Structures are given as C-alpha cells and as structure tokens.
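S.K.:
Chains as they are written, first to last, in the working numbering: chain A, 12 to 377; chain B, 4 to 401.
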C-alpha cells in the first residue's frame with residue numbers, strides 16, 4: 012500500500028494525473044476543495060502551475076484538461092514537531108545549550124519512514140531538537156516527500172519543562188534552568204538566536220507541560236517580549252486568558268489513548284477563545300496517524316471540522332511564519348495538497364493521492 | 004454599615020470564572036480565638052474587601068452570616084514542603100543561595116487544597132534538604148487565583164539550608180573514577196558544616212559589591228537582613244547551627260538571624276536556643292518518636308520550649324501525616340494550653356516569617372484569613388468546616 016515517494020515522483024503522474032501535453036500545468040476537479048481558510052468550493056477545480064497553486068475555481072482555464080478525482084481536496088497537513096528519521100541526530104546530549112544548532116542538519120531526506128507521514132497527508136514537518144535540551148537549537152521546516160528543507164531557523168526551541176531537567180547534569184532544577192535561560196538572554200550577543208528572539212525577529216517554541224510550567228514559560232516569554240508558541244500544554248484550556256494576553260499559540264502533543272481528555276477540552280476552549288493551536292505528530296514514537304487521530308478525537312469532543320483542519324494547516328503555517336507559501340490552497344501558494352477519499356478530517360477517509368510542490372508523491376491503491 | 008453590607012452579599016459562589024469572587028462576609032462564632040490573648044464570646048467578625056473590618060463580641064448572627072462553633076485566624080505553617088521535590092533544588096552545586104523556590108512551587112499542586120482544607124492559609128516553602136544551602140524559600144497563601152504572583156506574599160527573606168545527614172545523603176566519595184557531580188563533598192556532617200562555614204567565610208571576605216548574586220545573599224545573611232532558615236533535627240545539628248551563628252558573631256562577620264527548622268530535639272538544650280535568640284519550627288510529631296535523621300522528638304517538646312521562652316512554631320509539613328490542628332492538639336497533649344498551641348500555629352510563625360502585620364491574629368485591618376471550626380479547635384473531633392483566604396471563601400461551611 013505504501014510506496015516510496017521517490018519512486019512515485021519518478022512515475023509520470025499515475026492516477027488522476029494531468030494530461031501529458033501540459034506537464035507543468037494541470038487541473039483537478041473534486042467534489043469539494045477545502046481552501047484551508049474556511050472557504051470550501053463545491054465541485055471546485057484546482058489549477059496547479061509549476062508546482063504552485065494558480066487558481067481554485069469552478070472551471071479550468073482554456074487549454075488545460077481537467078481530471079476528475081474521487082474525493083475531497085485539502086491542503087497538505089503540517090506537523091509541528093517530528094524528528095522522524097533523525098535518529099538521535101537532533102539531540103546533542105553533551106550540552107543543554109546549543110542554541111545555534113541547525114536541526115535541518117539532522118534531516119535525513121531519504122529516510123524511508125518519512126513515507127508513512129506522507130501517506131497520512133502530512134506534507135510539511137517541523138523538525139525540532141530533542142526535548143531534553145534547554146536550548147537545543149533552531150527548528151527547521153522540511154518537506155519530507157520532496158526531501159527539501161523549506162525553511163532553516165524557523166524558531167528557537169526552548170525546553171522549559173521537567174523533560175529538560177536531569178538528575179545528573181546541570182540544571183537539575185527549574186530555578187537552575189531559568190537561571191541559565193535568564194543569563195543567556197541577558198548576555199546574548201548581537202545576531203545570536205537569543206538576541207533575535209528578544210528582538211522579535213525569531214520565533215520561540217517553548218516546551219511546557221504542567222500548568223505551572225506553562226504559566227512560567229508564558230511569564231518568561233512576556234518578560235522578554237518573545238513571540239511563538241507553547242509546545243505541550245495539554246491543560247491550556249484552563250489558561251486561555253494567560254495565553255491570550257501573551258499572544259502565544261499552542262502546539263498539542265498527540266493524545267494518548269485512555270489519558271484524561273485534556274487536549275480535547277483544551278482545543279475546544281482555545282477555539283472558543285480564538286487562541287491559535289496546532290498539533291505535533293511525533294510519528295517516531297506515536298505513529299504516523301497520531302496527529303490525525305488527535306484532531307479526530309478533538310472533533311469527537313465537539314471541535315468543529317473547520318477548526319480541526321485549520322489546526323493542521325493554516326494555523327500551523329501562521330504559527331511558523333510561512334503562511335505566504337503554506338497552509339492554504341490560495342493562488343500563489345506551494346501546491347502541497349491531498350486528495351482525501353472523504354472529508355479530510357474524518358478518520359474513515361484515507362489520503363488517496365498526496366502532492367508536494369505539485370508533484371504526486373504518494374498514492375494509495377484500494 | 005453591616006446591614007448595607009449584607010444586602011450586597013451574593014449567596015453562594017456559583018459566579019463562574021468571570022466575576023470577581025466575593026471578598027466581603029460576616030462570620031459569627033460562639034467563640035472567636037483572636038491569638039492576641041482574648042477569646043470573644045458570640046462574636047461577629049465582619050470582612051470587607053478581603054480585610055477584617057469589624058469585630059463585635061456579644062453580637063447576633065446576621066441572616067446571611069457564615070456560622071461556626073469557633074473561629075481562629077488562618078493557621079500558618081512555617082515549613083510546608085509542597086514543592087516539586089528534587090526539581091526544586093539545583094544539585095549541580097551544594098551551595099546555591101541565589102536560587103529561589105519561586106521556581107520550585109507548583110500552585111496547581113493538589114496538596115495546596117489539602118493544606119487549605121486543614122485550616123492553613125499561609126505557608127512558607129523551603130527547598131528540599133538535598134543541598135547544604137538550597138536557596139530562598141517562598142511564602143504563599145494556600146488559596147486564591149492560580150498564579151504564583153497572586154499567591155505569593157512578601158515576608159522576611161529567608162535563606163534555607165540544612166545541617167545533618169540529609170544534604171550529604173546523595174553524594175559519594177570520590178574514590179576511583181568520578182562518575183557524576185555527586186562525587187563531591189560533603190559526604191559527612193563534618194563536610195556539611197564545612198560547606199556552611201566556607202561559603203559564609205568567603206562571603207565575609209568578598210567585596211561588598213559585584214561578587215555575584217550568591218555572595219550578595221550570603222552577605223545579607225551575615226548582616227541579618229536575610230534570615231538563615233536551617234533544617235536540623237538532632238541536637239548535634241542544632242548545636243552546629245547555633246555554633247555557626249556564634250562563630251560568625253565572634254569573628255565580627257555579623258549577627259545572623261537563625262531559625263532552626265525541624266528542630267525535633269530542641270527540647271534537649273533549650274537554654275542554648277534562648278541564649279542565641281534562635282527560633283524553632285517543630286516538625287510533625289512522629290508516631291514512633293523518631294523523626295528524620297534519627298532524632299527523638301519528645302511528647303512535651305513544645306511545652307519545654309514554651310517554658311524556656313524559646314520562640315517556636317508548630318508545623319505539619321504538607322499535612323500528609325496529619326493536619327496542623329492535630330499537631331497543635333498533640334502539643335496540648337504534651338502540656339501546652341490551647342492559647343499557647345494556637346499562638347504556635349498562628350501569630351508566632353507569622354512573626355518568624357515577618358508577616359505578623361498582615362496575618363496571624365483576628366484583628367481589624369488584618370487579612371481576612373479565618374478558619375471556621377465545628378468545635379473547640381485542635382480537638383481530635385474538631386475540623387475546619389470553613390476557610391476564608393483574603394476574604395475569599397476557599398472552603399464553604401454552608
């Protein structure tokens with residue numbers, strides 16, 4: 012069922028592929044095209060040119076053959092934290108502070124496991140440093156299907172939770188952790204990630220889990236004028252006012268089956284309050300479908316389908332600062348999209364065709 | 004004024020999270036123990052905007068008064084270990100004076116509610132005794148908004164540490180190849196004492212400015228501006244703490260303000276504590292007589308300190324083994340009067356912690372931290388049925 016994306020990319024557009032006459036321009040018609048900004052075009056035609064969305068409309072431009080696909084089209088999903096294929100190459104265990112480490116260097120573009128993520132409709136992934144670091148480096152946005160780095164230095168990743176504390180190396184305590192962080196931020200030389208984060212030109216992703224950790228991370232972010240998101244925060248729903256006042260978003264971890272439904276309740280509370288949220292996929296430990304299943308669990312708890320889709324597309328792109336190229340199927344954006352057999356957020360749907368940069372990179376035969 | 008107030012009262016607390024919680028009430032009790040030496044009969048305590056605004060003995064309950072058999076000031080625990088454990092102590096060094104327990108306290112910890120329900124409204128949290136000098140403790144109200152900023156109150160700054168076997172318990176002697184930073188001093192009581200003397204001596208020798216945050220704190224300890232809050236269970240360790248203070252005095256380094264925490268064997272040499280003006284926090288009474296560090300805590304420990312004139316407070320730690328009211332009751336069993344026991348869990352800890360202007364008694368102008376009891380306080384059959392913290396009803400008696 013799964014095929015290596017490289018192989019598929021080499022094939023001349025099997026399945027609902029464009030006509031061979033116009034290799035760089037093709038159009039697909041689906042029962043619904045989810046633009047990703049809330050707009051859904053019934054029976055819409057998606058026109059792709061040179062790997063970029065040219066238009067979504069009711070008909071194709073003259074001379075372009077339209078291929079009908081069986082299903083609904085939606086933007087490719089963005090996974091906010093995943094280190095699939097990195098092994099431990101994203102985790103510099105000898106140091107708690109390696110702020111300039113470029114996580115894109117841990118990106119193994121040819122790792123076979125990426126195909127599992129792509130098969131779940133994930134076309135964009137944020138690679139992050141290991142959670143046990145305090146300042147483990149700079150997040151990188153990658154396209155696993157194309158094997159390309161989309162953006163280096165997307166955010167400074169900060170571990171502010173007990174996961175970043177060890178019993179055997181400094182710091183062993185929250186006081187020690189924040190003492191070091193304060194010092195690094197105070198002593199930051201011009202051009203360093205800490206200085207850029209303070210200046211607001213570099214986003215921060217702050218890992219924090221308990222409500223106490225989240226409150227402290229927000230306090231730190233507010234104190235240093237940081238923008239970005241909290242990663243973790245399953246109980247964020249009880250801290251919406253705090254998150255709103257600090258203008259921070261939340262990246263939820265995949266839900267653990269049988270765990271308290273915090274993420275579900277929190278996603279709904281955040282939606283209500285207008286606090287942006289997205290999801291991590293953590294495929295190497297939770298499996299490639301964990302992100303979709305978490306979004307579906309939130310819907311089961313009452314989250315509307317539009318918000319669930321946005322969390323995996325537009326909100327994630329906004330949070331990463333790549334909304335000019337990613338997150339929706341508006342004209343001019345990178346043609347990362349998925350043909351789903353049904354509604355994109357339903358677990359009963361599967362990704363029948365996945366396109367990245369306008370190329371067909373995965374298809375499921377069933 | 005009272006009638007005007009009552010019309011403003013909204014019954015119940017079902018206001019949701021948006022409206023500000025009610026902080027004005029009237030509380031009626033057959034007996035109000037004020038912690039100032041007075042016991043008022045049939046008294047009405049009026050609370051306005053989180054403060055006690057009037058106390059009228061020989062009064063009648065209003066229609067909407069909260070009622071109880073007895074009322075005391077909110078209890079104060081001067082050594083409550085409600086923190087994140089080893090994560091609250093920076094163990095990469097044995098001496099971390101500038102570390103703050105603000106980072107070691109989780110206001111969402113369920114134990115805060117347990118402590119509040121036991122009648123404790125103010126608690127001082129020192130770090131766990133894994134370091135010789137652990138850092139600055141933090142003083143909190145036990146209920147209120149869910150943020151450290153909202154709970155924290157300013158008291159006397161206290162540097163916390165320990166003398167005894169506990170700070171060295173995780174360390175290993177550096178025989179063979181060192182495997183971690185735990186291959187270090189101290190591994191003995193001698194080493195613990197050495198760490199204390201060395202850091203204080205070094206601070207005394209250091210320049211007054213610019214020697215770093217750790218030295219700044221230690222210099223303030225020597226100057227008596229920051230109190231030294233030292234855990235010491237057996238008399239051997241209490242002696243070490245007192246001798247340390249006296250040595251610094253003799254050397255002309257300064258007058259330390261010493262508070263011995265968990266001084267289970269303080270009863271053995273109370274005159275030493277009087278001589279050195281050392282205050283004592285007593286740990287919970289152990290069921291078998293033995294506390295940590297194999298100290299023997301006698302049943303009449305509090306009584307001995309009371310008679311000798313030692314300033315002491317009683318602690319129930321995190322109220323896991325028993326509530327503070329029961330610890331006060333055990334002290335009564337050992338010979339204290341109810342009034343003495345009450346002071347040891349209200350005004351005396353407030354004085355030790357430097358917040359007696361705000362809490363610790365039932366007096367006009369103080370924070371409306373009140374405990375409503377269903378009988379005589381500290382009896383085994385009596386429990387708190389209502390608790391007000393800053394005038395907010397944290398435990399509803401109705």
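Positions of the beta carbon are idealized from the N, C-alpha and C atoms, including for glycine. These figures come from a predicted structure and were not determined experimentally.
Under a Cβ-count criterion, where at least 16 other Cβ atoms within 10 Å of its own Cβ denotes burial, should residue 76 (chain A) be classed as buried or exposed?
M.R.: exposed
S.K.: Identify which residue in A:277, A:113 and A:304 has its Cα closest to the Cα of residue 355 (chain A).
M.R.: A:304
S.K.: Can you give the Cα-Cα distance for residue 157 (chain A) and residue 90 (chain A), rounded to whole angstroms?
M.R.: Whole-angstrom Cα-Cα distance: 15 Å.
S.K.: Less than 8 Å between C-beta atoms, sequence neighbours within five positions excluded: which residues of the same chain meet that for residue 33 (chain A)?
M.R.: Because the pLDDT at residue 33 (chain A) is just 44, under 50, the model does not fix this residue reliably, and the point stays unresolved.
S.K.: Taking beta-carbon pairs under 9 Å, can you tell me which members of the stretch 64-96 of chain B lie near chain A?
M.R.: Going along the stretch 64-96 of chain B in chain order, one finds 87, 89, 90, 91, 92, 93, 94, 95 and 96 with a Cβ nearer than 9 Å to chain A.
S.K.: Considering only the beta carbon of each residue, do residue 137 (chain B) and residue 107 (chain B) sit closer than 7 Å?
M.R.: no
S.K.: Only counting the same chain, and skipping five residues up and downstream in sequence, which positions put a Cβ closer than 8 Å to that of residue 128 (chain A)?
M.R.: 90, 93, 95, 136, 155, 292, 294 and 299
S.K.: Per DSSP, what are the beta-bridge partners of residue 366 (chain A) in this structure?
M.R.: A:348 and A:371
S.K.: Should residue 60 (chain B) and residue 46 (chain B) be called a contact, given that it needs their Cβ atoms to be closer than 7 Å?
M.R.: yes
S.K.: Tell me whether residue 366 (chain A) is buried or exposed, calling it buried when 16 or more other Cβ atoms sit within 10 Å of its Cβ.
M.R.: buried
S.K.: Output, in chain order, the set of chain A residues within a Cβ distance shorter than 8 Å of residue 127 (chain B).
M.R.: Under the 8 Å cutoff, chain A gives no residues; its nearest Cβ is about 17 Å from residue 127 (chain B).
S.K.: If we call anything under 7 Å between Cβ atoms a contact, is residue 402 (chain B) one with residue 156 (chain B)?
M.R.: The structure shown does not extend to residue 402 (chain B), since chain B is modelled only from 4 through 401, so no value can be given for it.
S.K.: Excluding sequence positions up to five away, which residues of its chain have a Cβ less than 6 Å from the Cβ of residue 352 (chain B)?
M.R.: Result list for residue 352 (chain B): 79, 81 and 316, in chain order.
S.K.: So what does DSSP say about residue 395 (chain B), is it helix, strand or coil?
M.R.: strand
S.K.: So residue 97 (chain A) and residue 120 (chain A) are in contact, right, with Cβ under 8 Å, and what is the actual spacing, rounded?
M.R.: That pair is no contact at about 11 Å.
S.K.: Can you pull out the residues from the stretch 207-240 of chain A whose beta carbon lies closer than 9 Å to at least one beta carbon of chain B?
M.R.: 221, 222, 223, 224, 226, 227 and 230
S.K.: Short of 9 Å Cβ to Cβ, which residues in the stretch 177-191 of chain A face chain B?
M.R.: 178, 179, 180, 181, 182, 183, 184, 185, 186, 187, 188, 189 and 190
S.K.: If you measure from the CB of residue 244 (chain B), is any heavy atom of the ligand GTP nearer than 6 Å?
M.R.: Absent from the structure shown: the ligand GTP. Ligands present: none.
S.K.: Which residue from A:239, A:229, A:174 and A:164 puts its Cα closest to that of residue 203 (chain A)?
M.R.: Of the listed residues, the one whose Cα sits closest to residue 203 (chain A) is A:164.
S.K.: Any idea if residue 210 (chain B) is buried or exposed, counting beta-carbon neighbours within 10 angstroms, 16 or more meaning buried?
M.R.: exposed
S.K.: When burial is assigned at 16 or more other CB atoms within 10 Å of the CB, is residue 307 (chain A) buried or exposed?
M.R.: buried
S.K.: Mind checking if residue 360 (chain A) is an interface residue toward chain B, Cβ cutoff 7 Å exclusive?
M.R.: no
S.K.: When the Cα atoms are used, what is the spatial distance from residue 71 (chain B) to residue 339 (chain B)?
M.R.: 24 Å
S.K.: How would you list, in chain order, the residues of chain B whose beta-carbon sits under 8 Å from the beta-carbon of residue 277 (chain A)?
M.R.: Per Cβ cutoff of 8 Å: no residues; residue 277 (chain A) is ~14 Å from chain B at best.
S.K.: Do you know offhand how far residue 268 (chain A)'s Cα is from residue 153 (chain A)'s?
M.R.: 28 Å
S.K.: Taking the alpha-carbon positions, what's the residue 151 (chain A) to residue 113 (chain A) distance?
M.R.: 7 Å
S.K.: Give a yes or no on whether 7 Å exceeds the smallest Cβ distance from residue 173 (chain A) to chain B.
M.R.: yes
S.K.: Measure the alpha-carbon distance for residue 383 (chain B) versus residue 399 (chain B) and round it to whole angstroms.
M.R.: 21 Å
S.K.: Under 7 Å between C-beta atoms, does residue 148 (chain B) make it to chain A?
M.R.: Put simply, the CB of residue 148 (chain B) is far from chain A, with every gap to its CB atoms at 7 Å or more.
S.K.: Please confirm whether residue 183 (chain B) has its beta-carbon closer than 7 Å to some beta-carbon of chain A.
M.R.: yes
S.K.: What's the call for residue 21 (chain A), buried or exposed, on a 16-neighbour Cβ count within 10 Å?
M.R.: Interpretation of residue 21 (chain A) is limited by its pLDDT of 41, a score under 50 that renders its predicted location unreliable; the figure taken from the coordinates is listed afterwards. Answer is exposed; the Cβ neighbour count stays below 16.
S.K.: Using the Cα positions of residue 275 (chain B) and residue 113 (chain B), report the straight-line distance between them to the nearest angstrom.
M.R.: 39 Å
S.K.: Quick check: is the beta carbon of residue 109 (chain B) nearer than 7 Å to any beta carbon in chain A?
M.R.: yes
S.K.: Taking the continuous alpha helix (DSSP H) assigned at residue 281 (chain A), which residues delimit it?
M.R.: 273-284
S.K.: Taking Cβ-Cβ distances below 7 Å as the criterion, which residues of the stretch 222-236 of chain B are in contact with chain A?
M.R.: Along the stretch 222-236 of chain B, none of the residues has a CB nearer than 7 Å to a CB of chain A.
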